[in-house]
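Counting along the sequence shown from 1, when you hit position 121 you're at 121 in UniProt numbering, and nothing is skipped either side.
Glycine included, each C-beta is placed from N, C-alpha and C at the ideal position.
Bear in mind that the values here come from a model prediction, so they are computed numbers and not experimental data.
Step one of this worksheet: look at the structure below.
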Amino acid sequence: MISFIIFLGVFFFMECVTWMTHKYVMHGLMWYFHADHHQPKYANVFERNDIFFVIFAVPSIVLFYFGVQGGMNYLFFIGLGITFYGFCYFMIHDVLIHQRFKWFKNTNNKYLIGLRKAHKIHHKHLGKEHGECFGMLFVPLKYYKM
């Protein structure tokens, strides 16, 4: 039971980590890697922005390794929470919103429509300044009512 609580806690905590990273790192120090993501059309299949998937995967891999070496201890479940959040982020951000893969073209789900609206507001700014809606899975309620 404690393993599931750790997993779930890390999953929800990752939204805070994502928000902070997106606002202060991607739209700050590492804008170079994130800038192409804010352009209307992608020039390539991959973006420089994809480096952030690798950056977030490294701690997960390390935590999985040491968690398994320690007999499936809490580190494994922290890594699992980070990985599952990353999977959900990928499915929402890259598949549903940006349609990098044409798996889910249409939805009538109010939650998913709200996520799309909030992300569209985020992308209306092509530069790194004046951004809003830096989270991914949890966005302000006003976007569900628009």
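Worksheet item: Given 8 Å as the limit, is there contact between the segment 78-90 and the segment 48-67, that is, 3 or more CB pairs closer than that?
Response: yes
Practice prompt. Taking all protein chains shown into account, decide if E132 is buried (16 or more other Cβ within 10 angstroms of its Cβ) or exposed.
Written response: Along the sequence shown, read from residue 1 onward, the residue named residue 132 stands at position 132. That one is exposed.
Fill in: Closest by C-alpha distance to F101, when choosing among M14, I55, V45 and E129
Position 101 of the sequence shown, counting from 1, holds the residue named residue 101. Among M14, I55, V45 and E129, the Cα nearest to that of F101 is on V45.
Discussion item. Below 8 Å, how does it come out for the segment 84-102 and the segment 50-58: are there three or more Cβ pairs, yes or no?
Written reply: yes
Worksheet item: Counting pairs of Cβ atoms below 8 Å between the segment 102-118 and the segment 29-42, do you hit three or more?
Response: no
Discussion item. So the candidates are H37, K23 and Y144; which of them puts its Cα closest to the Cα of H93?
Written reply: What you label residue 93 is simply residue 93 of the sequence shown in a count that begins at 1. For the residues H37, K23 and Y144, the minimum Cα distance to H93 belongs to H37.
Discussion item. Tell me the DSSP secondary structure of M20 in three-state form.
Written reply: Here residue 20 is taken as the residue at index 20 of the sequence shown, counted from 1. Helix, per DSSP.
Worksheet item: So, are the CB atoms of M136 and E15 less than 8 Å apart?
Response: Indexing the sequence shown from 1 puts residue 136 at position 136. Indexing the sequence shown from 1 puts residue 15 at position 15. Closer than 8 Å, so yes.
Worksheet item: Considering only residues of the segment 53-123, which uninterrupted alpha helix (DSSP H) runs meet the minimum length of 4 residues and lie entirely inside it, listed in chain order?
Response: 74-89 and 110-123
Discussion item. Quick check on DSSP: helix, strand or coil for K145?
Written reply: If you number the sequence shown from 1, residue 145 lands on position 145. DSSP places K145 in helix when its eight states are reduced to three.
Worksheet item: When the Cα atoms are used, what is the spatial distance from F52 to K145?
Response: Against the sequence shown, residue 52 aligns to sequence position 52. Against the sequence shown, residue 145 aligns to sequence position 145. Rounded to the nearest angstrom, the two C-alpha atoms are 31 Å apart.
Worksheet item: Near K110, what residues of its chain come up, given a Cβ to Cβ distance below 7 Å and the 5 sequence neighbours on each side ignored?
Response: Counting from one through the sequence shown, the residue named residue 110 turns up at place 110. The residues are Y144.
Item to complete: Report yes if the C-beta distance between V139 and L115 is below 8 Å; otherwise report no.
Response: Numbered from 1 along the sequence shown, position 139 holds the residue referred to as residue 139. Numbered from 1 along the sequence shown, position 115 holds the residue referred to as residue 115. Yes.
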